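Just below is one structure, and these are the notes that go with it.
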Amino acid sequence: MPWHFPLHEDTSIKGASNKAEDAFRVEYSAIYRYLLQFKEGLSKRNKAETGIRYEWYALQRWGANYWEDFFRPKIVWAETMRIHRKTQSRFPRFCFDNSCDYITDKTCFFATGDDLKIILSILNSKLGKYLCSKYVSILDSGGT
């Protein structure tokens, strides 16, 4: 979670912000209530910065803008692609997501950038299948 969330785009906020925490509590009340049980422990992280540079619930070293990648067009795939013998012709399973939605599945990965549709066509091709068979761990063949 970025510093000063949900007011993370407000460049006037320079340190830990009660205004940001109040907005978080109101706009994301269920998440705020859940995190509140961890406030004491989270507040003890890096005493030189927590509560000074950023709020207790924020990521400690947030500084990159990679969070925006979650809301861009992307190639997505599951960590575990279980392919059954009868459906191996549909392997691999990479997908283009242009919804720009945030995907919350903890075992789902994504790639953003240029030429995604070209990359996707290679990943889902016979060449992609071959490369996956050579360089990706196969747990089993999906049964009989």
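Heads up, the sequence shown is in my numbering, so the first residue is 5 and it goes up one at a time. By construction, the Cβ of each residue, glycine as well, lies at the ideal position given by its N, Cα and C atoms. Given the structure is predicted, the values throughout are model-derived calculations rather than measurements.
Closest Cα partner of residue i within the set the options
| i | options | result |
| --- | --- | --- |
| Phe-9 | Phe-74, Ala-115, Tyr-61 | Tyr-61 |
| Thr-116 | Leu-127, Leu-135, Cys-99, Ile-79 | Ile-79 |
| Ala-20 | Ser-125, Val-30, Ser-47 | Ser-47 |
| Ala-82 | Phe-113, Glu-72, Asp-73 | Phe-113 |
| Asp-73 | Tyr-139, Asp-118, Tyr-38 | Asp-118 |
Same chain only: Cβ atoms within 8 Å of residue i, ignoring 5 sequence neighbours per side
| i | result |
| --- | --- |
| Phe-75 | Cys-104, Asp-105, Tyr-106 |
| Tyr-32 | Pro-10 |
Bounding residues of the beta strand (DSSP E) (the contiguous stretch that carries residue i)
| i | result |
| --- | --- |
| Asp-119 | Per DSSP, Asp-119 belongs to no beta strand (DSSP E) and is neither H nor E. |
| Asp-14 | It is not in any beta strand (DSSP E) - Asp-14 carries neither H nor E in the DSSP assignment. |
| Ala-82 | 78-82 |
For residue j and residue i, believed in contact at Cβ under 8 Å, the rounded distance
| i | j | result |
| --- | --- | --- |
| Phe-28 | Tyr-36 | 6 Å |
| Leu-100 | Lys-121 | Checking the displayed sequence, the identity of residue 100 turns out to be Phe instead of Leu. Their Cβ separation, rounded to whole angstroms, is 6 Å, which keeps Phe-100 and Lys-121 in contact under 8 Å. |
| Pro-77 | Asn-50 | With a Cβ gap of about 35 Å, Pro-77 and Asn-50 do not count as contacting. |
N-terminal and C-terminal residue of the alpha helix (DSSP H) that residue i is part of
| i | result |
| --- | --- |
| Asp-105 | Counting along the chain, Asp-105 falls outside any alpha helix (DSSP H), and DSSP gives it neither H nor E. |
| Val-30 | 22-31 |
| Lys-2 | Since the first residue shown for the chain is 5 and the last is 148, residue 2 is missing from the structure and cannot be characterised. |
| Gly-45 | 43-47 |
Other residues of its chain near residue i: CB distance less than 6 Å, five sequence neighbours each side excluded
| i | result |
| --- | --- |
| Glu-25 | Glu-59 |
Same chain, Cβ closer than 7 Å to residue i, neighbours up to 5 away in sequence not counted
| i | result |
| --- | --- |
| Leu-131 | none |
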